[in-house]
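Student: Submitted below is the structure of interest, expressed as structure tokens.
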Amino acid sequence: RAGARLSDYERFADLAASEWHKGVVLSVGRLGIFVDVTLEDGTRASGLVHVTNIRDGFIRDIRDEAKVGQDVQVRVVSVDLKRCLMRLSMKEEKGVGSQRFGS
6 RAGARLSDYE RFADLAASEW HKGVVLSVGR LGIFVDVTLE DGTRASGLVH VTNIRDGFIR
66 DIRDEAKVGQ DVQVRVVSVD LKRCLMRLSM KEEKGVGSQR FGS
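Here it is, written out as structure tokens:
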């Protein structure tokens with residue numbers, strides 16, 4: 006998301022991977038879905054839900070899974086603070102902890 010600051014991503018890096026957050030689909034591409042995530046305190050940043058983290062099973066066309074503007078629930082899987090990148094998941098995964106890179 007344009008305008009997101011390092012401090013925004015730092016806030017996301019501290020979240021547990023088991024927590025679900027509200028998001029809105031910004032775009033749908035070949036590799037996944039870009040989502041703008043908003044925390045309860047209003048902090049916002051965007052991240053990628055890779056095709057393998059959308060749902061279990063084979064996905065033939067990502068456009069069948071989400072549309073721009075659609076509300077979704079996501080988990081923060083990892084945050085790369087050096088590059089201000091966030092990996093998200095729409096799947097439940099057991100035993101995965103949030104990872105913080107570049108701190």
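Letter by letter, the sequence shown follows residues 6 to 108 in our numbering.
Yeah, the Cβ is synthetic: ideal placement off N, Cα and C, and Gly gets one too.
Quantities reported herein were computed from a predicted structural model and do not represent experimental measurements.
1) By DSSP, does Ile64 sit in helix, in strand, or in coil?
2) Between which two residues does the beta strand (DSSP E) holding Asp41 run?
3) From which residue to which residue does the alpha helix (DSSP H) around Ala18 run?
4) So what's Val56 in DSSP terms, helix, strand or just coil?
5) Please confirm whether Arg80 and Ala22 have their CB atoms less than 7 Å apart.
6) Could you tell me whether the stretch 31 to 48 touches the stretch 58 to 72, using the rule of 3 or more Cβ pairs below 8 Å?
7) Quick check: the Cα distance between Ile64 and Val56, rounded to an integer number of angstroms?
8) Are there 16 or more other CB atoms within 10 angstroms of the CB of Arg10, so buried, or fewer, so exposed?
Tutor: With the given structure in hand:
1) The sequence position of residue 64 within the sequence shown is 59, counting from 1. In the structure shown, Ile64 adopts coil according to DSSP, grouped into three states.
2) As a working mapping, residue 41 is identified with position 36 in the sequence shown. Per DSSP, the continuous beta strand (DSSP E) segment holding Asp41 begins and ends at 37 to 43.
3) By one-based count along the sequence shown, residue 18 stands at place 13. Note, Ala18: alpha helix (DSSP H), 11 to 18.
4) Locating residue 56 in the sequence shown gives position 51, where the first residue counts as 1. Val56: helix per DSSP, three-state reduction.
5) As a first step, residue 80 must be located in the sequence shown, where it is residue number 75. As a first step, residue 22 must be located in the sequence shown, where it is residue number 17. Going by beta carbons, Arg80 and Ala22 fall inside the 7 Å limit.
6) Yes, they touch.
7) One-based indexing of the sequence shown puts residue 64 at position 59. One-based indexing of the sequence shown puts residue 56 at position 51. If you draw a straight line from the Cα of Ile64 to the Cα of Val56, it is about 7 Å long.
8) In the sequence shown, the residue the question calls residue 10 occupies position 5. Around the beta-carbon of Arg10, fewer than 16 other beta-carbon atoms lie within 10 Å, marking it exposed.
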